[in-house]
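A.B. asks: Dumping the structure here so I can ask a few things about it.
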Amino acid sequence: MLTIAYGDSTMSKTQAYEWYKEFKAGRTVVDDLPRFGRPSTSITYENIEKVKAIVLADRRVSIREIAADLGISFRSVQSVMHNVLGMRRVEARL
């Protein structure tokens with residue numbers, strides 16, 4: 152019946168039980184609680200600018216070296232270079 156009223160945005164039965172358990176335990180707000188640890192993504196404005204500066208200073212630097220210098224993952228550096236900065240690898244042909 153709820154699916155008819157609310158469509159695809161209806162909460163699953165399992166999720167409803169989880170929320171019930173949370174509220175019974177004393178939770179009073181439905182907002183996300185603060186989380187600890189590193190951010191879920193390394194693709195921030197600061198990291199984009201740092202990657203850009205490193206690449207413009209030395210175009211022969213590898214993605215692994217940039218990742219090690221900045222302390223972010225290889226995939227994050229690769230995503231910044233390809234998707235955000237529009238850079239691609241060009242190999243020298245002999």
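Here the sequence shown is numbered in our numbering, starting from 152 and rising by one per residue. Quick reminder that beta carbons are idealized off the backbone N, C-alpha and C, glycines included. On a predicted model such as this, the values are computed, not experimentally measured, just so you know.
Compute the beta-carbon to beta-carbon distance between VAL212 and ILE205, rounded to the nearest angstrom, for a pair I have assumed lies under 8 Å.
C.D. replies: About 6 Å; that satisfies the 8 Å criterion.
A.B. asks: Under a Cβ-count criterion, where at least 16 other Cβ atoms within 10 Å of its own Cβ denotes burial, should MET232 be classed as buried or exposed?
C.D. replies: Answer is buried; the Cβ neighbour count reaches 16.
A.B. asks: Apply the 10 Å Cβ neighbour rule to ASN234 and answer buried if 16 or more other Cβ atoms are within range, or exposed otherwise.
C.D. replies: By the 10 Å Cβ count, ASN234 comes out exposed.
A.B. asks: Quick check: what's the CA-CA separation for LEU184 versus GLU173?
C.D. replies: Rounded to whole angstroms, LEU184 to GLU173 spans 12 Å at the Cα level.
A.B. asks: Identify every run of the alpha helix (DSSP H) within the segment 191-218, keeping only runs that are complete inside it and at least 4 residues long; order them along the chain.
C.D. replies: For the segment 191-218, whole alpha helix (DSSP H) runs of length 4 or above, ordered along the chain, are 196-208.
A.B. asks: Ignore the nearest five residues each way along the sequence and tell me which others in VAL202's own chain have a CB closer than 8 Å to its CB.
C.D. replies: These residues qualify, in order along the chain: ILE217, LEU221, VAL228, VAL231, MET232, LEU236.
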